[in-house]
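The opening residue of the sequence shown carries number 2 in the numbering used here; numbering runs sequentially from there.
To start, the structure itself, in structure tokens.
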Amino acid sequence: MTSPTTSSATRESSSPHAYDVGLLILRIALGLTVAAHGTQKLFGWFGGGGIEGTGRFFAQSGYPSGKTMAVIAGLSETFGGLGLVLGLLTPLVGAAVLGTMINALAVKWGGGFFAPAGVEYELLLLAGAAGLALTGPGRLAVDRFLPGLRAHRLRYGVAAVLLAVVIAGLVLLIRK
Numbered sequence: 002m003t004s005p006t007t008s009s010a011t012r013e014s015s016s017p018h019a020y021d022v023g024l025l026i027l028r029i030a031l032g033l034t035v036a037a038h039g040t041q042k043l044f045g046w047f048g049g050g051g052i053e054g055t056g057r058f059f060a061q062s063g064y065p066s067g068k069t070m071a072v073i074a075g076l077s078e079t080f081g082g083l084g085l086v087l088g089l090l091t092p093l094v095g096a097a098v099l100g101t102m103i104n105a106l107a108v109k110w111g112g113g114f115f116a117p118a119g120v121e122y123e124l125l126l127l128a129g130a131a132g133l134a135l136t137g138p139g140r141l142a143v144d145r146f147l148p149g150l151r152a153h154r155l156r157y158g159v160a161a162v163l164l165a166v167v168i169a170g171l172v173l174l175i176r177k
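Right, here's the structure in full:
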């Protein structure tokens, strides 16, 4: 027979904690927002420019091969956002969103902090993506079923954030 303390501890360890629910809410809100922006770039949904319009914007912003950059940004945002929603490969999809937001900050920098010309929105998405890459998705996530990611490690998040910063920096180096 188990003691009341043992049953209580077992029950608590198998149920979600408040931070798991909080991380799920953050992943859903951030992920759907970013994925919607990605579909604006890829398909022109939600009033977006599609690949053509977004490609012109990227070219005007100094990026070579605007259409290619539009596809890369659109895919990073769409799949990164959906990955965050699912909690799937969280450090990597967080890095994809983070790298995209670093470039978005570079493009919008100089317009102040507050919207509509400021960077508050991009900075918030960047911080959320970095935070999720570092903390992991919580227990209410697909990553919990993947052997290598079942137990999130801080080093996974740090490596993903560093990867995002390096790749974003390289992309910014080719920008005119």
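Note that the Cβ used here is the ideal one computed from N, Cα and C, for glycine as well.
Small disclaimer: the values here were computed from a predicted structure and weren't measured.
Problem set entry | Opening and closing residue of the alpha helix (DSSP H) in which S77 lies | By 1-based counting over the sequence shown, the position of residue 77 is 76. Run containing S77: G67 to L87, per the alpha helix (DSSP H) assignment.
Exercise. Taking Cβ positions, are K42 and T34 nearer each other than 7 Å?
Worked result: Here the question's residue 42 lines up with position 41 in the sequence shown. Here the question's residue 34 lines up with position 33 in the sequence shown. Pairing K42 with T34 gives a Cβ-Cβ distance that is not under 7 Å.
Exercise. What does a CB cutoff of less than 6 Å around L106 pick up in its chain, not counting 5 residues either side in sequence?
Worked result: Taking the sequence shown and counting its residues from 1, one reaches residue 106 at position 105. Counting only Cβ-Cβ distances below 6 Å, and skipping sequence neighbours, we find V120 and E123.
For this session: Flag this pair as touching only if the segment 111–119 and the segment 62–77 have three or more C-beta atom pairs under 8 Å; answer yes or no.
Result: Touching, no.
For this session: Report the residue from G139, F44 and I103 whose alpha carbon sits nearest the alpha carbon of I29.
Result: Here residue 29 refers to the residue found at position 28 of the sequence shown. Nearest C-alpha to I29: G139.
Problem set entry | the segment 158–172 in contact with the segment 95–110 per 3-pair CB rule at 8 Å | Three or more beta-carbon pairs drawn from the segment 158–172 and the segment 95–110 are found closer than 8 Å, and the two stretches are therefore classed as touching.
Exercise. Just checking, does the segment 129–136 make contact with the segment 80–98 on the three C-beta pairs under 8 Å criterion?
Worked result: Yes, they touch.
Problem set entry | Coarse secondary structure for D21, derived from DSSP in three states | Counting from one through the sequence shown, the residue named residue 21 turns up at place 20. In the three-state scheme derived from DSSP, where H, G and I count as helix and E and B as strand, D21 is classed as helix.
Exercise. Taking Cβ to Cβ, would you say G32 is nearer than 7 Å to V86?
Worked result: In the sequence shown, residue 32 corresponds to position 31, counting from 1. In the sequence shown, residue 86 corresponds to position 85, counting from 1. Closer than 7 Å, so yes.
Exercise. If you compare alpha carbons, which of G137, I175 and R145 is closest to G23?
Worked result: Residue mapping note: residue 23 aligns to position 22 of the sequence shown, counting from 1. For G23, the nearest C-alpha among the options comes from G137.
Problem set entry | Any non-hydrogen atom of the ligand MN within 6 Å of E53 CB | With respect to small molecules bound, the structure shown includes none, and the ligand MN cannot be examined in it.
For this session: Output yes if chain B places a C-beta closer than 7 Å to the C-beta of V22; else output no.
Result: Absent here is chain B; the protein component of the structure consists of one chain.
For this session: Can you grab the Cα-Cα spacing for the pair T147 / F59, in whole Å?
Result: The sequence position of residue 147 within the sequence shown is 146, counting from 1. The sequence position of residue 59 within the sequence shown is 58, counting from 1. Note that residue 147 is Leu in the sequence shown here, rather than Thr. Between L147 and F59, the C-alpha separation is close to 36 Å.
Exercise. Which one of R176, A37, A160 and W46 has the shortest CA to CA distance from T91?
Worked result: Taking the sequence shown and counting its residues from 1, one reaches residue 91 at position 90. It is A160 whose Cα lies nearest to the Cα of T91.
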